[in-house]
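Residue numbers (my numbering), protein chains in the order written: chain F, 1 to 547; chain H, 1001 to 1080. Note that beta-carbon positions come from the ideal geometry of N, C-alpha and C, so glycine has one too.
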């Protein structure tokens, strides 16, 4: 019953509404001359310094869903769930090498989205459209998952109901508020809220990591309890260490997820909002602080085992919602008021990425669909207007996903999302380094990788849950005819095939002397810093970002 | 912010051999045979867990070093 959780609910509500006020105030923060420009609404003026970027990108990449799902995975499977740590170690050197180039070329040409870059680099509106649609489709379920994060917390506080509407009313209210202040303040809202969110998360996790072991007999005892659980379980894949069959999956999942992360439109939005190259590079040394946090948080999955946590029931009769592991652990072990703070941290933690993701998806729509196909003469003010409305549509879509469909469906879609966003790797990431690929070949590779990825995901069954298709991302290699029980991450195989097709098709198209698109960028564009002026691509009355 | 070097081609700034060092924190966490063991443990954490957490420090050290070294090169270029 919710009455037993009254203190938690009050603390949660106070923090949540306090943050909402901040979201509206954000439109006045670092106030621009006009908000009626996509650079202002959608990229916060492209002028964030090191600190803001640290909070913003940290709040963007480490989502509420990550914070509930990773410990849940560790709770269920053990070592396999720890892939999040190598994954978040690898991303920063990759960002350092790749996204700095994207920042420079975007600064020079006034690009807002990854698809904008593809459009400029390969001179192909079709390829840019594919990249934009891939980005939007991959981002939508990711936003929906943030709601899953909030729901896990609300459920733990007993804020739930019998009817669909009663169960989802708090989420609908929360999302309506989020939609309103994102509409008004754009990227400034999540940037400002991220300060509160990240501070709360740091406090909660640090307290949890020191307080919980003292309650549960120390980390040695916690790992002992986890070992006993995995020994008793009949499942083959779990344990405190990896086994011969899931090591390849662990490696390819960590690497593939890292490659996928910087292709997600919302990561690009966070990075392009920074002031210069130095801000980005310096942040690559500072952002791993969040990885440490995530690693410690992951191990709370073991603490939940030692504390005897039982996950709350899921949406369907007989199922359990493992995402409630961490909230239930906090509810059980912390005093009520601090559990309230912890829940607010997760709840607010969902708002920051949800806002940035909806802005990123809206920018993709505006720049690569609306401006490219519907209104070529759109002014910056019109772009900003369209983006604001599109961000509302995106959020309503995500909300409908959660209210009307089984939440499991969003989780599946997110899994698929990681595989499909990887298919933009040759055009976006490799494109930053080389113009060798033919635009037609990149489309060929995209189709091949996408087709194979979907087929592989379709083939994956999980007998334990009775699901025949789309039951995970670990593809058994024996289906390719190998005599092994080992599994591999679908996205990794799909993107390899994508690259192979893109290379072969490039050779064929070049041999056939098929016309390639023009490249609007030059070698030096990938290295310029804030001191270089923007090129006048659509410079009619457009304010230039540099002084 | 560091002062820009005015008369250089911007492309010259970024071609530092130090960048190759970034391969270390990309590859190291992917070699599971280095850390897929429970002993020795540290503060109750099996090796699998503490060693991977220590790679975060390796990553921070490497990106910081590369950032500093490439920045120094740039400043020297500017003075030259």
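Terminal residues of the alpha helix (DSSP H) in which residue i lies
i: residue 361 of chain F; result: 336-365
i: residue 114 of chain F; result: 114-122
i: residue 423 of chain F; result: Counting along the chain, residue 423 of chain F falls outside any alpha helix (DSSP H), and DSSP gives it neither H nor E.
i: residue 385 of chain F; result: 380-404
i: residue 213 of chain F; result: 188-216
i: residue 290 of chain F; result: 288-298
i: residue 86 of chain F; result: 84-109
i: residue 40 of chain F; result: 38-41
Coarse secondary structure for residue i, derived from DSSP in three states
i: residue 1010 of chain H; result: Note that residue 1010 of chain H scores 49 on pLDDT, short of 50, meaning its location in the model is unreliable; the coordinates nonetheless yield the value given after this. Residue 1010 of chain H falls in the helix class under three-state DSSP.
i: residue 319 of chain F; result: coil
i: residue 264 of chain F; result: coil
i: residue 1077 of chain H; result: In this prediction, residue 1077 of chain H has a pLDDT of 49, which is less than 50 and means its spatial position is unreliable; what the coordinates show is noted afterwards. In the structure shown, residue 1077 of chain H sits in a helix (DSSP, three-state: H, G or I).
i: residue 501 of chain F; result: helix
i: residue 78 of chain F; result: strand
i: residue 274 of chain F; result: strand
i: residue 1045 of chain H; result: strand
i: residue 141 of chain F; result: helix
i: residue 30 of chain F; result: coil
i: residue 513 of chain F; result: coil
i: residue 526 of chain F; result: helix
i: residue 1021 of chain H; result: helix
i: residue 167 of chain F; result: helix
i: residue 2 of chain F; result: helix
i: residue 375 of chain F; result: coil
Residue i: first and last residue of the uninterrupted beta strand (DSSP E) it sits in
i: residue 487 of chain F; result: 487-489
i: residue 12 of chain F; result: First-last for residue 12 of chain F: 6-25, but that is the alpha helix (DSSP H), not the beta strand (DSSP E).
i: residue 476 of chain F; result: 474-476
Bridge partner(s) assigned by DSSP for residue i
i: residue 507 of chain F; result: DSSP, once it has assigned bridges, lists no residue as partnering residue 507 of chain F.
i: residue 1029 of chain H; result: DSSP output for residue 1029 of chain H lists no bridge partner at all.
i: residue 462 of chain F; result: F/467
i: residue 312 of chain F; result: F/321
i: residue 48 of chain F; result: F/274
i: residue 239 of chain F; result: F/78
Min CB distance residue i to chain F below 7 Å
i: residue 1030 of chain H; result: yes
i: residue 1046 of chain H; result: yes
i: residue 1035 of chain H; result: no
i: residue 1025 of chain H; result: yes
i: residue 1022 of chain H; result: yes
i: residue 1017 of chain H; result: no
CB contact check: residue i to chain H, cutoff 7 Å
i: residue 423 of chain F; result: no
i: residue 251 of chain F; result: yes
i: residue 207 of chain F; result: no
i: residue 473 of chain F; result: no
i: residue 90 of chain F; result: yes
i: residue 85 of chain F; result: yes
i: residue 51 of chain F; result: no
i: residue 281 of chain F; result: yes
i: residue 274 of chain F; result: no
i: residue 292 of chain F; result: yes
i: residue 247 of chain F; result: yes
i: residue 96 of chain F; result: yes
i: residue 595 of chain F; result: In the structure as shown, chain F begins at 1 and stops at 547. Residue 595 of chain F is therefore absent and cannot be evaluated.
i: residue 295 of chain F; result: yes
Proximal chain H residues relative to residue i, where beta-carbon distance stays under 8 Å
i: residue 82 of chain F; result: 1048, 1049 and 1052
i: residue 219 of chain F; result: 1043, 1044 and 1045
Amino acids of chain F, ordered along the chain, whose beta-carbon sits closer than 8 Å to that of residue i
i: residue 1038 of chain H; result: 240 and 241
Proximal chain H residues relative to residue i, where beta-carbon distance stays under 9 Å
i: residue 102 of chain F; result: Correct list: empty, because the minimum Cβ distance to chain H is about 13 Å.
i: residue 518 of chain F; result: The contacting residues do not exist; residue 518 of chain F stays about 21 Å from chain H at best.
i: residue 223 of chain F; result: 1038, 1041, 1044, 1045, 1046 and 1049
i: residue 120 of chain F; result: Near residue 120 of chain F there are no residues of chain H at all, since even the closest Cβ is about 18 Å away, more than 9 Å.
i: residue 354 of chain F; result: Residues of chain H passing the Cβ test: none, with the nearest at roughly 26 Å.
Partners in chain H for residue i, counting only beta-carbon separations shorter than 7 Å
i: residue 288 of chain F; result: 1056, 1059 and 1060
i: residue 285 of chain F; result: 1060, 1063, 1064 and 1067
i: residue 93 of chain F; result: 1022, 1025, 1026, 1059, 1062 and 1063
i: residue 299 of chain F; result: 1049
i: residue 79 of chain F; result: 1048
Within chain C, the residues that residue i reaches when beta carbons sit closer than 7 Å
i: residue 450 of chain F; result: Here chain C cannot be found, since the structure's protein chains are F and H.
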